[in-house]
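J.: In the numbering used here, the protein residues as written are 359 to 868. All C-beta atoms, glycine included, are put in the ideal place defined by N, C-alpha and C.
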Amino acid sequence: MARPRTFLRVAALVAAAAVALAACGTGAGSASGATLRWGFSLPTSWDPVTSSTGNDINTISLVYASLTQLDEKATAVPGLAESWKYNADGTAVTFTLRPNLTFTDGTPLNADAVKQSLLRGKTQQNSLLKDQLATIKDITVAGDRDVTLQLAAPDYQVPNLLAGKTGAIVSPAAFTKDAAAIPTAPVGAGPFKFESFVPESKAVLVKNPGYWDAADVKIDRLELTPTTDAATVIAAVQSGALDVSYIPGNQVAQAKAAGLEVDVIDSLQVNQVDVHSGLAPLTDRRVVEALKYAVDRKQIIDVVNAGVGDVVYQPFPKGYVAFDPSLDTAFAYDPAKAKQLLADAGYAPGQLALTVTVNSISQSTAELVQQQLQAVGVNATIKVVPPGSSTWQQEVYLGRKAQFALDGTVGRESPVQNLTVVYGPEGLMNTSKVSTPEFLAALDAVRRTPLDSPDYPRVLQAAVRTGVEMSPSFSLGTQPRVVVRNKKVSPLPHFLSQYRWEGVTVGGTT
359 MARPRTFLRV AALVAAAAVA LAACGTGAGS ASGATLRWGF SLPTSWDPVT
409 SSTGNDINTI SLVYASLTQL DEKATAVPGL AESWKYNADG TAVTFTLRPN
459 LTFTDGTPLN ADAVKQSLLR GKTQQNSLLK DQLATIKDIT VAGDRDVTLQ
509 LAAPDYQVPN LLAGKTGAIV SPAAFTKDAA AIPTAPVGAG PFKFESFVPE
559 SKAVLVKNPG YWDAADVKID RLELTPTTDA ATVIAAVQSG ALDVSYIPGN
609 QVAQAKAAGL EVDVIDSLQV NQVDVHSGLA PLTDRRVVEA LKYAVDRKQI
659 IDVVNAGVGD VVYQPFPKGY VAFDPSLDTA FAYDPAKAKQ LLADAGYAPG
709 QLALTVTVNS ISQSTAELVQ QQLQAVGVNA TIKVVPPGSS TWQQEVYLGR
759 KAQFALDGTV GRESPVQNLT VVYGPEGLMN TSKVSTPEFL AALDAVRRTP
809 LDSPDYPRVL QAAVRTGVEM SPSFSLGTQP RVVVRNKKVS PLPHFLSQYR
859 WEGVTVGGTT
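1. Identify, in the order they occur along the chain, each residue of the same chain with its Cβ nearer than 6 Å to the Cβ of Ser-403, setting aside the five sequence neighbours on each side.
2. Does DSSP put Glu-771 in a helix, a strand or coil?
3. Judging by CA-CA distance, which residue of Pro-584, Gly-782, Gln-612, Ala-760 is the nearest neighbour of Glu-558?
4. Quick one: Cα of Glu-753 to Cα of Val-742, how far?
5. Quick check: the stretch 592 to 600 against the stretch 487 to 499, are there 3 or more CB pairs under 8 Å?
6. State yes or no: is the C-beta of Ala-738 within less than 8 Å of the C-beta of Val-714?
7. Could you check if Thr-709 is buried or exposed, using at least 16 other CB atoms within 10 Å of its CB as the buried criterion?
8. Out of Thr-449, Leu-731, Arg-823, which has the shortest C-alpha to C-alpha gap to Ser-684?
9. Quick check on the burial criterion: 16 or more other C-beta atoms within 10 angstroms. Buried or exposed for Ser-441?
10. Give, in chain order, every unbroken run of the alpha helix (DSSP H) that is at least 4 residues long and sits entirely within the stretch 561 to 612.
11. Unbroken beta strand (DSSP E) runs of length 3 or more, entirely within the stretch 382 to 462: which are they?
12. Looking at His-634: is its Cβ nearer than 8 Å to the Cβ of Arg-758?
13. Find out if the Cβ-Cβ distance for the pair Leu-834, Asn-629 is shorter than 8 Å.
14. Phe-832 and Lys-697: beta carbons closer than 8 Å?
15. Around the Cβ of Gly-665, are there at least 16 other Cβ atoms within 10 angstroms (buried) or fewer (exposed)?
16. Counting C-beta neighbours from all protein chains within 10 Å, is the total for Pro-795 16 or more, i.e. buried, or is it exposed?
17. In this structure, how does DSSP classify Asn-737 when only helix, strand and coil are distinguished?
18. Quick check: what's the CA-CA separation for Lys-431 versus Gly-479?
19. Is the separation between the beta-carbon of Leu-580 and that of Phe-550 shorter than 8 Å?
20. Kindly identify the DSSP beta-bridge partner or partners of Asp-765.
21. Note down, in chain order, each residue of its chain lying with its Cβ closer than 6 Å to the Cβ of Lys-656, except the 5 sequence neighbours on either side.
22. Round the Cβ separation of Gly-525 and Ser-424 to the nearest angstrom and send it over; I've been treating them as touching at under 8 Å.
23. Give me the Cα-Cα distance between Ala-611 and Ala-638, rounded to the nearest whole angstrom.
24. In terms of residue numbering, what span does the alpha helix (DSSP H) encompassing Val-645 cover?
25. Can you give me the C-alpha to C-alpha distance between Val-562 and Thr-452, rounded to a whole angstrom?
26. Assign Leu-309 to buried or exposed, taking buried as 16 or more other Cβ atoms, counted over all protein chains shown, within 10 Å of its Cβ.
27. Looking at the unbroken beta strand (DSSP E) that takes in Arg-843, where does it start and where does it end?
28. Assuming Leu-626 contacts Thr-417 (C-beta within less than 8 Å), just tell me the rounded distance between them.
29. Would you mind working out which of Gly-735, Ser-419, Phe-681 sits nearest Leu-777, comparing C-alpha positions?
30. At which residues does the beta strand (DSSP E) containing Asn-717 begin and terminate?
31. How many whole angstroms separate the CB atoms of Leu-455 and Leu-438, which I take to be in contact at a CB cut-off of 8 Å?
32. Buried or exposed: where does Glu-784 fall if 16 or more other Cβ atoms within 10 Å of its Cβ makes it buried?
33. State the DSSP-derived secondary structure class of Ser-780, mapped to helix, strand or coil.
34. Consult DSSP for Val-662 and reduce its assignment to one of helix, strand or coil.
35. Give me the residue from Pro-808, Ser-790, Asp-429 with the minimum Cα distance to Leu-640.
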């Protein structure tokens, strides 16, 4: 389970009924005029190279196609590439593209275009994909359809890695002409084509008839509006200002009572606490462990999210290949043990003070955690960071000012990529920058293991276990993707990794 963040979601939670969207137009490529109005956050950048949050994949994938994509269970399947094959030792992988692919600017999407797009991600000065693409040491092409990635070391995660932003292919004609324009004027080969964009306000997309899977895209026009107020979403969907939006679990009953449809979709998002063990008093391992035992994860899910979600002690949901069942009771709620650890560290009840940093959307979670910490003798003060991914990044990720931040991982296409973000020495969510040689070795073992090897789950779960046991940060529970929609919109497909719109119909369109 899990995805759009309830407490700290870089994606804003949901839609304001006051936002009046224009009545549908047809737009280029529109046959029946089927328009979908989606209440969701706009990306930090429409350029996959400069996009700065994992959650952006939900919107970036509207205008770009990636070399591969993930199926419902987050397994890599063909995308722009119809197939791929590794060499004998896992140090090179050749992707064969589908024939006759084009970008929405009319230029060919061939092997050379893929090479140029990936190289841009590796070399552009402000690229945020450099680390993910570091595994690629060279790229060669053969004809129009075969692209071979020469790898620095065996790495069988590449097909998963390239299913997201890392493998989203941008038109070389567009970025060669003006790379600085791509963040607001993207040119890709995804299911939709950019029509118009007003930053912080609205994006309008129209169906791309040249998309390789265009036959399964039933929406002709998609209007995307950022949303900030969860309290008004249901009214917005009722009124027709929106057709689809995210809601927190505690609004499911209200939405159903209003006659709306609700889909609860398992996803890869897991809420967690980022603990900075370099800031006192968290420099004492006993204090950090006490906090892990002091937080009642089940109460958070029941009270804040009306029981939607599962308690987990690792950054993956149950049922996913990376999930390690042996961690099911790691740091289970034990206030008596938390009190004893604090006493062992020399703190009398009420003596230890801590600041809980939280996005304003997650304030109810913070207040509950504050009560739980006070119950074991920790005086917690809540610091609210205004909504906005850039503000959160400066406070928590880049500035690393937060002692104890309520956060969440939206997941990544590759489990190794997700582990690196959460536990790696330079991982954004690893605010302590604490890592160990044992963890890095465990990650390397995962990369060297073919995804279809019977050893893969064991090797991957061992890396997860090493990360959980090493890290001062800790997971809380899954955050399912809860979607409210009006009756004219068909149910959304259930993909763990992201929102997908193939097959979704509006008003009976087929």
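T.: The structure says:
1. Ser-409, Pro-541
2. coil
3. Pro-584
4. 11 Å
5. no
6. yes
7. Checking the displayed sequence, the identity of residue 709 turns out to be Gln instead of Thr. By the 10 Å Cβ count, Gln-709 comes out exposed.
8. Arg-823
9. exposed
10. 591 to 597
11. 393 to 397, 426 to 428, 434 to 436, 439 to 444, 450 to 455
12. yes
13. yes
14. no
15. exposed
16. exposed
17. strand
18. 27 Å
19. yes
20. Gln-630
21. Val-669
22. 4 Å
23. 43 Å
24. 643 to 652
25. 36 Å
26. Because residue 309 is not part of the residues shown, which for the chain are 359 to 868, the question remains open.
27. 839 to 843
28. With 8 Å as the limit, Leu-626 and Thr-417 do not qualify as a contact, their Cβ atoms being about 17 Å apart.
29. Phe-681
30. 710 to 717
31. 6 Å
32. exposed
33. Residue identity differs from the one stated: residue 780 is Val in this sequence, not Ser. Note: Val-780 maps to helix in three-state DSSP.
34. helix
35. Ser-790
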